[in-house]
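In this note's numbering, the protein residues as written are 19 to 271.
Working notes, beginning with the structure itself.
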């Protein structure tokens with residue numbers, strides 16, 4: 019990770035779960051990290067706690083489902099901090115209130131706007147930033163899901179799985195575009211199984227249901243996923259990890 023010290027990373031969805039753990043770890047590794055989320059107050063508390071670390075956390079409020087806010091965020095980063103070296107598309111959501119055949123078009127749009135459209139827009143803008151600032155060794159990392167490679171027999175998860183299959187396709191499509199553009203910028207994805215966060219609760223599960231599911235399964239921890247990001251970023255320039263799939267050992271699907 020030494021080559022990333024002092025360089026700039028953008029982590030979306032940085033106020034909770036995997037994103038929060040990852041943003042803090044990158045700061046301890048010496049990176050300047052822009053943490054993007056709607057809850058900027060939580061990010062500010064994190065930033066204050068990290069003041070003695072080698073790197074720094076810059077909180078930035080952004081609703082990623084609003085295109086104008088995303089573009090404004092990238093403009094602020096350019097003006098105040100310079101070019102982006104690493105983008106981690108971590109922000110995502112699910113809606114666990116109904117199955118695909120019972121959910122509404124509004125539900126579909128909400129999930130597509132964050133899980134797919136925002137990811138595509140952030141990727142486009144980050145690559146443009148890298149190219150504008152002459153960053154030929156930049157790295158894009160999508161926080162995908164095992165649900166992007168299979169369809170769980172869990173009806174309330176199916177729309178989420180559809181969006182994550184799109185992320186799987188997007189990873190390869192961007193890789194091809196980068197190679198055609200004769201750049202050494204890399205793109206990778208991490209596809210974890212179930213991770214012990216409050217994602218289920220924030221997606222509409224009852225708190226008791228979410229906690230029970232986590233307790234009954236030996237889930238991955240956010241730190242496990244963060245270590246995989248560090249592994250990907252630590253590979254030498256000629257090695258690109260395309261998709262890292264990780265499951266809890268006891269996961270059956």
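A virtual CB, placed ideally from N, CA and C, is assigned to each residue, including glycine.
Because the structure is a prediction, the values reported are computed rather than measured.
(request) Please state whether DSSP places residue 184 in a helix, a strand or coil. (result) The answer is helix: DSSP assigns residue 184 an H, G or I state.
(request) Could you spell out where the alpha helix (DSSP H) holding residue 96 opens and where it closes? (result) First-last of the alpha helix (DSSP H) with residue 96: 85 to 98.
(message) Closer than 8 Å is the cut-off here; do at least three beta carbon pairs connect the region 97 to 114 with the region 57 to 73?
(response) Judged by Cβ distances under 8 Å, the region 97 to 114 makes no contact with the region 57 to 73, as fewer than three pairs qualify.
(request) Name the two residues that bound the continuous beta strand (DSSP E) containing residue 107. (result) Element bounds for residue 107: 104 to 107.
(request) Determine the closest residue to residue 241 out of 27, 22, 40, with distance taken between C-alpha atoms. (result) Comparing Cα positions, the closest option is 40.
(request) Taking 8 Å as the cut-off, decide whether the C-beta atoms of residue 249 and residue 207 are in contact. (result) Not a contact, by the Cβ cut-off of 8 Å.
(request) Have a look at the DSSP bridge pairing and note the partners of residue 161. (result) Partner residues in the beta bridge of residue 161, as assigned by DSSP, are 208.
(request) Just mark residue 36 as buried or exposed, buried being the case when its beta carbon has 16 or more other beta carbons within 10 Å. (result) Residue 36 should be labelled buried.
(message) Need the endpoints of the beta strand (DSSP E) that residue 42 sits in, please.
(response) Following the DSSP letters along the chain, one finds residue 42 in no beta strand (DSSP E) but inside the alpha helix (DSSP H) bounded by residues 35 to 46.
(request) Kindly indicate which residue of 245, 268, 270, 260 has the alpha-carbon position closest to the one of residue 19. (result) Measuring from the Cα of residue 19, the nearest candidate turns out to be 245.
(request) Would you decide whether residue 179 is buried or exposed? Buried here means 16 or more other CB atoms lie within 10 Å of its CB. (result) Only buried fits residue 179, as 16 or more other CB atoms lie within 10 angstroms of its CB.
(request) Between the Cα of residue 26 and those of 77, 49, 149, spot the shortest distance and give me the residue it belongs to. (result) Selection 77, 49, 149 evaluated against residue 26 yields 49 as nearest (Cα-Cα).
(request) Name the two residues that bound the continuous alpha helix (DSSP H) containing residue 127. (result) Membership of residue 127 in the alpha helix (DSSP H) is indicated by the continuous run 123 to 130.
(message) Between the region 150 to 164 and the region 46 to 61, can you find at least three pairs of beta-carbon atoms closer than 8 Å?
(response) Put simply, the region 46 to 61 does not touch the region 150 to 164. Fewer than three CB pairs are less than 8 Å apart.
(message) I'd like to confirm the pairing. Which residues does DSSP put opposite residue 213 in its beta bridges?
(response) For residue 213, which the question treats as bridged, DSSP gives the partners 238.
(request) Quick one: using the 10 Å Cβ neighbour count with 16 as the cut-off for buried, is residue 63 buried or exposed? (result) Under this definition residue 63 is an exposed residue.
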